[in-house]
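Shown next, in structure tokens, is the structure this report addresses.
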Amino acid sequence: MPDSHKTLQTPTVPEQFSSAAKLLRNGGVVAFPTETVYGLGADAENDEAVRRIFSIKGRPADHPLIVHLADAGRIGQWAREIPDDAFRLAECFWPGPLTIVLRRSSLVSDLVTGGLDTVGIRVPAHPVAQTMLREFGRGVAAPSANRFGRISPTCANHVRDELGSAPDLILEGGDCKVGLESTIISLVDDRPTLLRPGGISLSELCENLGREVSLPGQPDPALRAPGCHASHYAPLTPACVITVENIAVEVSRSVDTGRTVAVLCHTKTVTDLYPATRCLLLPNDPIGYGQALYASLRRLDADGYGSILIEAVPETEPWRAVRDRLCRAVCS
Ligand code: AMP
Ligand code: MG
-11 MPDSHKTLQT
-1 PTVPEQFSSA
9 AKLLRNGGVV
19 AFPTETVYGL
29 GADAENDEAV
39 RRIFSIKGRP
49 ADHPLIVHLA
59 DAGRIGQWAR
69 EIPDDAFRLA
79 ECFWPGPLTI
89 VLRRSSLVSD
99 LVTGGLDTVG
109 IRVPAHPVAQ
119 TMLREFGRGV
129 AAPSANRFGR
139 ISPTCANHVR
149 DELGSAPDLI
159 LEGGDCKVGL
169 ESTIISLVDD
179 RPTLLRPGGI
189 SLSELCENLG
199 REVSLPGQPD
209 PALRAPGCHA
219 SHYAPLTPAC
229 VITVENIAVE
239 VSRSVDTGRT
249 VAVLCHTKTV
259 TDLYPATRCL
269 LLPNDPIGYG
279 QALYASLRRL
289 DADGYGSILI
299 EAVPETEPWR
309 AVRDRLCRAV
319 CS
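This is the structure we're talking about:
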């Protein structure tokens, strides 16, 4: 394996940050931890390097990447006509799991934005991402470090399993604390719009801005937000979301027809009813559930069940981001 393809399995140490920054400066692609999911990053000002991200992910060229910065002081380089709301949100939620969509500056290439006149910008909080961005000193364009349409990685092993040695370096940063992709808010129109729910909730955004934040209407391909794509964040195994009562019915139907089935639930296990059925019990709170969801889906996917039954989560605001991802996981 070439030296540049080394994978760091131990906690990231200072020399590894200088390797990462050097690779980024030379057009390399570095997978790195953030508090949401692991990202696959390249110098946002280097089109060749950004092209490699698309090719490693197998991602269509019209899907925009997020530009990651070390701090909010640099947004003026990447965006234009920045409204006060952006500074207010940045002050309150950065560094953190919030992506703000703004009109792009001339520094941003069409490759990064998929041809849109807007750019998504985020300042991540994870200390490894922070140190890497500071050492590099410029913007890092990054989507999640998974193949297009698949589940986002929430630990370095997921990135290794999925992308192998395709990234020039994988920085280790443990398990992601949020575990779901960032909240995306667009500030390009008069009214702020939530493009993707995530770790920062709709009510936190409304409270901070002191006004309503719209929800996008029906899926509109022109918006190009991941939440608008039917099959995003999907396991390979067919999955469906059903009530806990219907899980018992479905399990018995599967058992009767000789199909294997796994269950992902959060209120009670069906293990007692069907001891032969694999059942993963996730935390019964949206934060704990969000942290554990992708790793659990990956585990069940790898085990090759005929189907995955997911217990429906509450229809309440705190569960919005989890509900959104479950909805994507079962649409294919
Ligand atoms: P990923 O989370 O891997 O899908 O990659 C970043 C996501 O951020 C993309 O899928 C986009 O949908 C979203 N994004 C980035 N820039 C923009 C933008 N200008 N407008 C809307 N969504 C964006
Ligand atoms: Mg993604």
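Heads up: the sequence shown begins at -11 in the numbering used here, then just goes up one per residue.
No residue lacks a Cβ here, since even glycine has one placed at the ideal position from N, Cα and C.
Classification of residue i by the beta-carbon crowding that lies within 10 angstroms, buried from 16 upward
i	result
Leu203	exposed
Asn34	buried
Leu224	exposed
Asn134	buried
Pro207	Note on Pro207: pLDDT 46, under 50, position unreliable in the model; no value is reported.
Asp50	exposed
Glu305	exposed
Gly27	buried
Phe75	exposed
Thr255	exposed
Leu211	In this predicted model, Leu211 has a pLDDT of only 46, less than 50, meaning its place in the structure is not dependable enough to derive any value.
Ala290	exposed
Val116	buried
Arg313	buried
Thr142	buried
Gly161	buried
Gly294	exposed
Val237	exposed
Ser94	exposed
Delimiting residues of the beta strand (DSSP E) encompassing residue i
i	result
Ile70	Premise fails: Ile70 is in no beta strand (DSSP E) and is neither H nor E.
Ala236	No beta strand (DSSP E) holds Ala236; the alpha helix (DSSP H) holding it covers 232 to 244.
Thr181	181 to 184
Nearest to residue i (by Cα), restricted to the options the options
i	options	result
Asp177	Arg313, Asp72, Ala283	Asp72
Ile275	Ala130, Gly187, Gly152, Glu150	Gly187
Glu169	Val147, Val310, Gln4, Ser7	Val310
Ala37	Ala19, Tyr26, Glu23, Asn234	Ala19
Gly125	Ile109, Arg92, Leu12	Leu12
Ala280	Pro48, Tyr293, Val25, Pro21	Val25
Glu233	Cys253, Arg138, Pro226	Cys253
Val111	Val96, His146, Ala78, Glu160	Ala78
Trp66	Arg39, Asn196, Ala32, Phe42	Ala32
Ala154	Ser174, Gly167, Val17, Val166	Val17
Asn14	Leu197, Leu270, Leu157	Leu157
Ser43	Pro131, Ala113, Val1, Leu86	Pro131
Ile70	Ala236, Arg91, Ser97	Arg91
Lys45	Leu183, Glu200, Arg148	Arg148
Within-7 Å CB hit, residue i to chain D
i	result
Ser189	Among the protein chains of the structure shown there is no chain D, as only one such chain exists.
Span of the alpha helix (DSSP H), counted from its first residue to its last, around residue i
i	result
Glu192	190 to 197
Val310	308 to 318
Ala58	Taken as a continuous stretch (DSSP letters only), Ala58 belongs to no alpha helix (DSSP H), as it is neither H nor E.
Gly13	Here residue 13 is Arg; the residue named in the question, Gly, does not match the sequence. Looking at the DSSP string, the run of the alpha helix (DSSP H) that includes Arg13 is 2 to 13.
Per DSSP, cross-strand counterpart(s) of residue i
i	result
Ile44	Partner(s): none; Ile44 has no beta bridge.
Ala222	Arg138
Val89	Gly108, Ser174
Asp31	Val128
Ser202	Thr181
Phe20	Gly27
Val229	Ile298
Could you tell me which uninterrupted alpha helix (DSSP H) segments, each at least 4 residues in length, are contained entirely in the segment 101 to 177, listed from first to last along the chain? Secondary structure in the segment 101 to 177: the alpha helix (DSSP H) runs of 4 residues or longer, each lying completely within the stretch, are 115 to 124, 144 to 151 in chain order.
Whole beta strand (DSSP E) elements within the segment 244 to 301, 3-residue minimum: Annotation: the segment 244 to 301 contains the following complete segments of the beta strand (DSSP E) (minimum length 3 residues), in chain order: 249 to 253, 266 to 269, 295 to 299.
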